[in-house]
Amino acid sequence: MSSQIADAIVVSRHAVVASLGFVFASSALATAQRSPAQLAIIPPRASHIADSVLKLMTLEEKLGQITQSPAGFDQTGPTVDAAGEQQVRKGQLGSFLGLYGADVTRRMQKIAVEESRLHIPLIFGYDVIHGMRTIFPIPLAMAATFDSSAAVRATRVAATEATALGLHWTFAPMVDIARDARWGRIIEGAGEDPYLGSVMAAAQVRGFQGDNLRSPTSVLATAKHFAAYGGAEGGRDYNVVSVSERDLWNVYLPPFRAAVRAGAGSFMASFNEINGTPSHANDWLLTDVLRKQWDFRGMVVSDWTGVWEMIAHGLGDSLTVAERALHAGVDMEMSSTLYRNKLGAELRAGRFPIVLLDTAVHRVLTVKAALGLFDDPYRGASADRERTQILTAEDRAQAREIAREAIVLLTNRTVGGTPALPLRRDIRSIAVIGPLGADSNSVLGGWHGAGRKEDAVSVLDGLRRALPNADIKYAAGVGLDTVPVEGPVNTPAIAEAEQLARAADVVLLVVGEAEQMTGEAASRSWLGLPGAQHQLAQTVVRAARASNPSKPVIAVLVNGRPLAVQWLADSASALVESWHLGVEHGNALADVLLGDVAPSGKLPATFPRVTGQVPIYYDHKNTGRPPVEGVKWNSKYIDAPVTPLFPFGYGLSYTTFEYSNLHVSKPSLRGSESVTLSVDVRNTGTRAGTEVAQLYLRDDAASVTRPVRELRGFRRVLLQPGQSQTLTFRLDPDDLAMYDRDMRRVVEPGAFTVWAGGSSAATLEGHFTVTGGVTVLAPAPPRFR
Ligand code: BGC
Numbered sequence: 008m009s010s011q012i013a014d015a016i017v018v019s020r021h022a023v024v025a026s027l028g029f030v031f032a033s034s035a036l037a038t039a040q041r042s043p044a045q046l047a048i049i050p051p052r053a054s055h056i057a058d059s060v061l062k063l064m065t066l067e068e069k070l071g072q073i074t075q076s077p078a079g080f081d082q083t084g085p086t087v088d089a090a091g092e093q094q095v096r097k098g099q100l101g102s103f104l105g106l107y108g109a110d111v112t113r114r115m116q117k118i119a120v121e122e123s124r125l126h127i128p129l130i131f132g133y134d135v136i137h138g139m140r141t142i143f144p145i146p147l148a149m150a151a152t153f154d155s156s157a158a159v160r161a162t163r164v165a166a167t168e169a170t171a172l173g174l175h176w177t178f179a180p181m182v183d184i185a186r187d188a189r190w191g192r193i194i195e196g197a198g199e200d201p202y203l204g205s206v207m208a209a210a211q212v213r214g215f216q217g218d219n220l221r222s223p224t225s226v227l228a229t230a231k232h233f234a235a236y237g238g239a240e241g242g243r244d245y246n247v248v249s250v251s252e253r254d255l256w257n258v259y260l261p262p263f264r265a266a267v268r269a270g271a272g273s274f275m276a277s278f279n280e281i282n283g284t285p286s287h288a289n290d291w292l293l294t295d296v297l298r299k300q301w302d303f304r305g306m307v308v309s310d311w312t313g314v315w316e317m318i319a320h321g322l323g324d325s326l327t328v329a330e331r332a333l334h335a336g337v338d339m340e341m342s343s344t345l346y347r348n349k350l351g352a353e354l355r356a357g358r359f360p361i362v363l364l365d366t367a368v369h370r371v372l373t374v375k376a377a378l379g380l381f382d383d384p385y386r387g388a389s390a391d392r393e394r395t396q397i398l399t400a401e402d403r404a405q406a407r408e409i410a411r412e413a414i415v416l417l418t419n420r421t422v423g424g425t426p427a428l429p430l431r432r433d434i435r436s437i438a439v440i441g442p443l444g445a446d447s448n449s450v451l452g453g454w455h456g457a458g459r460k461e462d463a464v465s466v467l468d469g470l471r472r473a474l475p476n477a478d479i480k481y482a483a484g485v486g487l488d489t490v491p492v493e494g495p496v497n498t499p500a501i502a503e504a505e506q507l508a509r510a511a512d513v514v515l516l517v518v519g520e521a522e523q524m525t526g527e528a529a530s531r532s533w534l535g536l537p538g539a540q541h542q543l544a545q546t547v548v549r550a551a552r553a554s555n556p557s558k559p560v561i562a563v564l565v566n567g568r569p570l571a572v573q574w575l576a577d578s579a580s581a582l583v584e585s586w587h588l589g590v591e592h593g594n595a596l597a598d599v600l601l602g603d604v605a606p607s608g609k610l611p612a613t614f615p616r617v618t619g620q621v622p623i624y625y626d627h628k629n630t631g632r633p634p635v636e637g638v639k640w641n642s643k644y645i646d647a648p649v650t651p652l653f654p655f656g657y658g659l660s661y662t663t664f665e666y667s668n669l670h671v672s673k674p675s676l677r678g679s680e681s682v683t684l685s686v687d688v689r690n691t692g693t694r695a696g697t698e699v700a701q702l703y704l705r706d707d708a709a710s711v712t713r714p715v716r717e718l719r720g721f722r723r724v725l726l727q728p729g730q731s732q733t734l735t736f737r738l739d740p741d742d743l744a745m746y747d748r749d750m751r752r753v754v755e756p757g758a759f760t761v762w763a764g765g766s767s768a769a770t771l772e773g774h775f776t777v778t779g780g781v782t783v784l785a786p787a788p789p790r791f792r
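Using our numbering, read the sequence shown as starting at 8 and increasing by one per residue.
Dropping the structure here:
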């Protein structure tokens, strides 16, 4: 069946629904912006298969098909109990969450395709976020690479491993923009910037899904959490989000749109509400925007019990919320079972339109068909692949290479006449101090799939491997407590750390956050070092300096969010952000500390000086009273600076770079034209290094207020000492565009400023002017409801 026919069917279903009192925009699919990638991922043939299967299904089978159940767990790993097996046999389940392993998935699939009435295959989904067994840097760290090819490679490896273990579907990438580091889930996304977030979103979708979704090494990607989940008030997970329509389109929606354009075959609704409607009931979001405007053709899954949670949101009883969710466009219910248990009677009695159920079932079946499950229900799952394609030496090598790129050098002072980093290879003794120094679990980061701490290299192990002849001693000093400790701490463990700091030639202070302090339901109210780590740091720095004023104390952060560590930044000889880098953490860090590779990572999120500054992000608006030092009546604090500790895009290397000759191809252009910027970047130091050159733009005066600057391009460039390269960036009309007061996407005439440099604080600037009238690139999106 052609896609037009499929569309026609959907349209006629909508007409039926409308006649039953459900309101669908009359424009329906007519205004959709056709997405070639969506069509490639979900081809007409898949829809045709879904049509033929749907016709044969009973009401119970349909309700089962849109129900996803979490797997159990026993000593051997994920498992399904007898009741679950029976549900598969009876067609009461369409999918499992968290069931992986070639053996168990093949066993369940066999029941589905051989023992259930219609032989419909199951789809197995799981959170494969930054690796399945070969764990890569957490997504926030991946974003610090500013390297989309790294994101493609990492997600390709993850997809290969996941499919060997029987999975078809990952609940990633998380593309939520986060500007409040208290929110623990900031680790799962690309940070604060919509442009970087969009690039990383698309790269991950491409990596997970590969060139062909039917390939046995491709997994279906899920863009989540739709939408604005990262805007949680107070940084408190699951909290209400208060966001304007304009900020939604400018900040939160772009990475989702990029995911659709890259062909993401699935979306997950978010737990939060916006504008009074929880996402699971938000037909504006899930239908008007996602399907009608963006031409998304895949399926939408609930976030865990998100359908059921709408009872607590206050939308009504279990039947009401199930109806609202199905009507809004949540196709599959994860974990809770209101669809299966509550909707049957209503549907049978004709009180709820069957067409809504059919639409959801059709989408689930279409995705299964697009994955090739009706042709080969076992796809890539095999014991042989499990043995040969998981945690291979090549995968580990990739993980190490990418982890190195993610490390951000924040400070590097001169001690004893030379920069503290890189460390000399002939150091005799090192004291590794801090509760994260020997922790091979935390370095895996949150959501580490089937990752194992036995596979991971801690900071201590990495250093010992790199320097087998050095005397490397370790002391934790303090534990990994969450709640900050006030006042001095004197314990035998701290005394031991103090002793090591005095005796060693170099101190490596490894502080930050344990895995469980980050991720879901791990919001923090305070962004300093947790527990007594600050006291440990103070004691160790003091002891080291007392024994030798020029002894290097290198502070390494192992953590999952921007931290307010002003004292450490001011006091340590060098400060290194190493995030949670995955299985190769210790090796990659040693490579950078010892100078085998110069650091090249850049911050994907602003680091505040104090917690009270959050939300803090570089692309803010100016206000009518931009901050001026020494003048009271403007927008700042009376007890802390308004500037960040480290800005977005910032990161040092072991060499230095200079930017010059920012050249604008056309000082004057029409709004429908593109403009090219070029800039020279030169390595002015004495060793090779990679720089992430960044381009920022500001619309100087517009009909609505615009951010002080916005990222519009970046490029990684490796330069030898003294080498210079000219980089070019093209800005197309959409890069210059904004939403006007009527929410049309327009390029307005007037002056624009661009900056090029190594961070969002870049100062080299250029100018151009857009002439003529207003250029309208797109009409206003569907009315915000
Ligand atoms: C999270 C999702 C995740 C799901 C399944 C939820 O609690 O919010 O991101 O995909 O669990 O594990």
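Where a beta carbon is used, it is the ideal one built from N, C-alpha and C, also for glycine. Quick caveat: nothing in here was measured; it's all calculated off a predicted structure.
Query, Result
"Chain-order list of residues whose beta-carbon lies under 6 Å from that of residue 791 (same chain, five-residue window excluded)", "252"
"C-alpha distance - residue 198 paired with residue 305, whole-angstrom precision", "26 Å"
"4 or more residues per run - each alpha helix (DSSP H) lying fully within the segment 311 to 368", "317 to 320, 325 to 335, 345 to 355"
"Contact the segment 736 to 743 vs the segment 671 to 682: 3+ CB pairs below 8 Å", "yes"
"Exposure of residue 528, with buried meaning 16 or more beta-carbon neighbours within 10 Å", "exposed"
"Residue 786, DSSP secondary structure in three states", "coil"
"Per-residue burial, residue 153 [other beta carbons within 10 Å of its own, 16 or more giving buried]", "buried"
"Rounded C-alpha distance that separates residue 786 from residue 286", "24 Å"
"For residue 112, three-class secondary structure by DSSP", "helix"
"Residue span of the beta strand (DSSP E) that contains residue 762, given as start and end", "757 to 764"
"Among 619, 42, 293, nearest to residue 232 - alpha-carbon criterion", "293"
"Helix, strand or coil at residue 722 [DSSP, three-state]", "strand"
"Rounded separation between residue 512 and residue 498 - CA only", "24 Å"
"CB of residue 634 within 8 Å of CB of residue 571, strictly", "no"
"Distance cut-off 7 Å: residue 178 Cβ against heavy atoms of ligand 1", "yes"
"Beta-carbon spacing of residue 150, residue 622 below 8 Å", "no"
"Pick from 569, 203, 751, 706 that is closest to residue 758, judged by C-alpha positions", "706"
"Cut-off 7 Å between Cβ atoms - residues of its own chain near residue 764, not counting five sequence neighbours on either side", "666, 701, 770, 771"
"Three-state secondary structure (DSSP) of residue 437", "strand"
"Distance cut-off 7 Å: residue 275 Cβ against heavy atoms of ligand 1", "yes"
"Test item: CB-CB of residue 777 and residue 743 under 8 Å", "yes"
"Outcome for residue 774 when other beta-carbon atoms lying within 10 angstroms are tallied against a minimum of 16", "exposed"
"The segment 500 to 511 contacting the segment 434 to 444, beta-carbon criterion three pairs below 8 Å", "yes"
"Boundaries of the beta strand (DSSP E) in which residue 774 is found, first to last residue", "771 to 778"
"Nearest-angstrom Cα separation, counted from residue 448 out to residue 565", "11 Å"
"Unbroken alpha helix (DSSP H) run spanning residue 53, endpoints", "51 to 61"
"Any non-hydrogen atom of ligand 1 within 7 Å of residue 311 CB", "yes"
"Check whether residue 166 and residue 217 have beta carbons under 8 Å apart", "yes"
"Supposed contact pair residue 271 and residue 229 - C-beta distance, whole angstroms, cut 8 Å", "7 Å"
"Any 3 or more C-beta pairs closer than 8 Å across the segment 415 to 435 and the segment 174 to 194", "no"
"Cβ neighbours of residue 209 in the same chain (closer than 8 Å, five flanking residues each side left out)", "155, 265, 266, 268, 269"
"Alpha-carbon spacing of residue 126 relative to residue 378, whole angstroms", "16 Å"
"3 or more residues per run - each beta strand (DSSP E) lying fully within the segment 503 to 543", "513 to 519"
"Own chain, CB closer than 7 Å to residue 359, minus 5 neighbours either side, in chain order", "330, 350, 353"
"Selection from 556, 319, 120 that minimises the alpha carbon distance to residue 424", "556"
"Coil, strand or helix - residue 149 by DSSP", "helix"
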